[in-house]
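One line per chain: the protein sequences are A and B, in this order.
Just so you know, the first sequence maps onto residues 29 to 262 in the numbering used here.
Just so you know, the second sequence maps onto residues 29 to 262 in the numbering used here.
This report refers to the structure that appears directly beneath it.
Number of protein chains: 2
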Amino acid sequence: MAGKRSRRRIPEASVARLPVYLRILSEQFDEGVNSISSEELAEFAGLNAAKVRKDLSYLGSYGTRGVGYEVEFLIYQVRRELGLTQDWPVVIVGAGNLGQALAGYGGFGDRGFPVGGMIDVAESKVGSVVGGVRVRHLDELAQVVQSRNISIGVIATPGTAAQEAADALVAAGVTSLLNFAPTVISVPHGISMRKVDLAVELQILSYYEQRRASTEQSNGLQAVPAERRRGASA
Amino acid sequence: MAGKRSRRRIPEASVARLPVYLRILSEQFDEGVNSISSEELAEFAGLNAAKVRKDLSYLGSYGTRGVGYEVEFLIYQVRRELGLTQDWPVVIVGAGNLGQALAGYGGFGDRGFPVGGMIDVAESKVGSVVGGVRVRHLDELAQVVQSRNISIGVIATPGTAAQEAADALVAAGVTSLLNFAPTVISVPHGISMRKVDLAVELQILSYYEQRRASTEQSNGLQAVPAERRRGASA
DNA sequence: CGGGCTTTGTGAAAACGTGCACGAGCGCCG
DNA sequence: CGGCGCTCGTGCACGTTTTCACAAAGCCCG
Ligand SMILES: NC(=O)c1ccc[n+]([C@@H]2O[C@H](COP(=O)([O-])OP(=O)(O)OC[C@H]3O[C@@H](n4cnc5c(N)ncnc54)[C@H](O)[C@@H]3O)[C@@H](O)[C@H]2O)c1
Ligand SMILES: NC(=O)c1ccc[n+]([C@@H]2O[C@H](COP(=O)([O-])OP(=O)(O)OC[C@H]3O[C@@H](n4cnc5c(N)ncnc54)[C@H](O)[C@@H]3O)[C@@H](O)[C@H]2O)c1
């Protein structure tokens with residue numbers, strides 16, 4: 029039997045690497061590369077080849093032994109697995125500095141995540157247009173979510189309002205959240221949640237910085253070996 | 029002998045949680061809470077108590093059995109371990125939308141990471157003042173880094189310039205990087221690197237969204253159980 | 001058409017992180 | 001001042017992720 033296909037669950041660590049492969053593959057494709065080996069892909073991604081192969085094997089057996097992977101086909105498969113064959117409009121809650129930057133940021137809609145709505149509570153924000161989208165009041169959230177069939181919400185409010193925003197989003201029917209506020213938010217079981225926390229990242233760096241200062245020992249982290257850098261030249 | 033103290037290496041996963049504990053502890057302290065149990069801390073952090081205790085045990089034995097942890101003292105210990113007893117000025121490379129948002133963002137300097145410099149290459153940006161800091165040309169990077177003794181660099185350039193920015197930062201003497209560009213960058217061994225990638229986060233959410241659509245099975249992720257939410261009321 | 005070279009796909013082992021369970025230590029109360 | 005109840009600290013078992021290593025499989029060349 030050739031391939032049982034993809035309804036096996038993919039480990040989260042692997043899922044988190046698929047977008048990286050996808051980006052690399054897309055770049056390579058644009059440069060006219062048709063075929064790529066796990067070794068090359070690993071090199072670009074800063075990983076080792078075995079990990080790349082194992083990750084890709086969760087998608088199915090799409091490589092050719094002795095040759096590698098066909099770039100275009102692999103792109104298709106990764107996109108399919110990640111659910112990128114459809115658009116996922118997002119709603120941004122909090123139209124402050126960050127919310128506006130995000131809304132104005134092209135690389136958002138470009139990649140299949142158009143801004144389907146912006147929400148705020150401040151009089152001064154509601155009604156204004158940011159990144160081509162009219163800011164609506166929190167009261168209208170459910171209506172916005174339902175009319176555009178939005179399932180991903182981005183929280184860009186101050187930390188104190190983040191839980192409230194999350195609750196409102198979930199109540200409105202959103203099932204995935206991306207939280208930029210520096211606050212732990214709790215969500216019902218079954219809702220996906222990821223966070224991006226600047227302060228946490230900096231503090232982690234600080235830890236290793238300090239450590240470097242005391243022991244002259246370097247260590248793990250996401251440090252990528254420098255060896256053989258490849259510039260992507262056209 | 030009481031406690032061999034902290035020169036044992038702390039697992040990265042634990043390091044990444046310490047900033048979260050720190051934030052919670054600081055909030056609790058501000059509200060007048062003097063003592064906290066691993067159970068309570070776990071509740072606030074959305075984790076389980078055993079993990080909290082294990083994480084804290086890497087710092088030393090600072091709890092009191094039958095009682096819990098003294099908040100103020102624990103704050104001090106976590107800060108010490110994370111290297112937050114000193115400021116870590118950062119230099120931001122790329123003064124575009126994101127770079128400006130970051131520079132203007134208070135919660136940066138507030139937490140011990142003042143913006144010590146901003147760098148760009150565009151004529152239109154160099155010389156302007158953003159968030160109280162004058163934007164300098166890339167050529168002046170080394171001088172900025174050395175004069176202010178900066179060891180952390182933030183990359184906020186377009187993806188195509190990210191590797192170049194990283195190389196320049198490392199050459200200038202920076203030893204920790206936080207990369208916002210959607211590109212894998214490679215750094216020499218011994219340099220710490222963390223990345224924040226919006227597209228990756230959204231694509232991970234997309235994966236689970238899609239999966240939810242096919243199987244009516246929910247799963248892992250960072251999903252936090254909703255149970256007993258605590259609002260931090262003064 | 002067969003042998004050699006290359007690279008995949010994957011079991012199995014190792015490393016790592018998490019969660020459980022419980023002994024040890026401390027404070028409090030009677 | 002002794003016993004009780006609470007919570008820490010941690011050994012251990014479990015689950016997950018990474019790494020290793022190699023057989024299987026395809027391609028190319030002679
Ligand atoms: N600006 C940055 O560079 C940056 C970087 C990292 C993290 N953050 C975090 O992102 C969040 C937003 O930052 P910011 O700089 O945009 O802040 P901001 O104050 O500029 O914007 C916050 C916006 O949220 C709105 N708001 C408040 N309560 C709300 C609610 N209940 N529902 C909907 N909207 C509400 C406010 O009206 C305001 O427009 C903060 O939590 C901040 O810590 C910001
Ligand atoms: N804007 C957002 O909300 C957002 C969100 C997530 C990620 N990002 C990423 O952050 C990065 C910056 O985004 P942006 O919106 O600020 O882009 P931008 O185009 O507004 O700014 C980029 C800046 O970098 C400068 N630059 C270019 N090459 C440089 C070099 N070699 N050295 C120094 N500076 C250089 C440019 O002059 C420009 O000022 C991008 O990689 C983007 O993908 C942006």
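Glycine included, every Cβ here is placed at the ideal spot set by N, Cα and C.
Keep in mind that this is a model prediction, so the values were computed, not measured.
- With 16 or more other CB atoms across the displayed protein chains lying within 10 angstroms of its CB, Arg164/B is buried.
- Ordered by chain, the residues meeting the criterion of a beta-carbon within less than 6 Å of a non-hydrogen atom of ligand 1 are Val121/A, Gly122/A, Ala123/A, Gly124/A, Asn125/A, Leu126/A, Gly127/A, Ile147/A, Asp148/A, Val149/A, Ala150/A, Lys153/A, Leu166/A, Ala184/A, Thr185/A, Pro186/A, Gly187/A, Ala189/A, Glu192/A, Ala193/A, Phe208/A, Ala209/A, Pro210/A, Leu226/A, Ala129/B, Leu130/B, Tyr133/B and Gly135/B.
- The contact set of Val212/A on chain B, defined by CB atoms closer than 7 Å, consists of Val48, Phe72, Ala73 and Gly74 in chain order.
- Taking the beta carbon of Arg93/A as reference, no residue of chain B falls within 8 Å; the closest one sits roughly 26 Å away.
- In this structure, the alpha-carbon of Leu46/A lies about 29 Å from that of Ala129/B.
- When only Cα atoms are considered, Arg240/B and Ser156/B end up about 48 Å apart.
- With a cut-off of 8 Å, the C-beta of Ala196/B is classified as near ligand 2, since at least one heavy atom of the ligand falls inside that distance.
- Interface flag for Tyr133/A against chain B is set, since a Cβ pair is found closer than 9 Å.
- Here Lys79/A is not bridged, per DSSP, to any residue.
- A distance below 6 Å between beta-carbons, with the five flanking residues on each side excluded, links Glu67/B to the following residues of its chain, in chain order: Ala77.
- Annotation: the continuous beta strand (DSSP E) that includes Gly145/B extends over Val143 to Asp148.
- Nearest Cα to Val215/B within the set Val48/B, Val228/B, Gln238/B and Ile183/B: Ile183/B.
- Going by DSSP, Glu109/B is part of the alpha helix (DSSP H) stretching over Val99 to Leu110.
- Under DSSP, the beta-bridge partners assigned to Ser63/A are Glu98/A.
- DSSP, reduced to helix, strand and coil, places Gly122/A outside both helices and strands of the structure shown, so it counts as coil.
- At least one CB of chain B lies nearer than 9 Å to the CB of Tyr236/A.
- When secondary structure is reduced to three states using DSSP, Val48/A falls in the helix class.
- If you check each beta-carbon in the segment 175-190 of chain A against every beta-carbon of chain B, the ones closer than 8 Å belong to Ser179 and Ile180.
- In this structure, the CA atom of Pro142/A is about 33 Å from the CA atom of Leu166/B.
- Beta-bridge partners assigned by DSSP to His165/A: Asp148/A.
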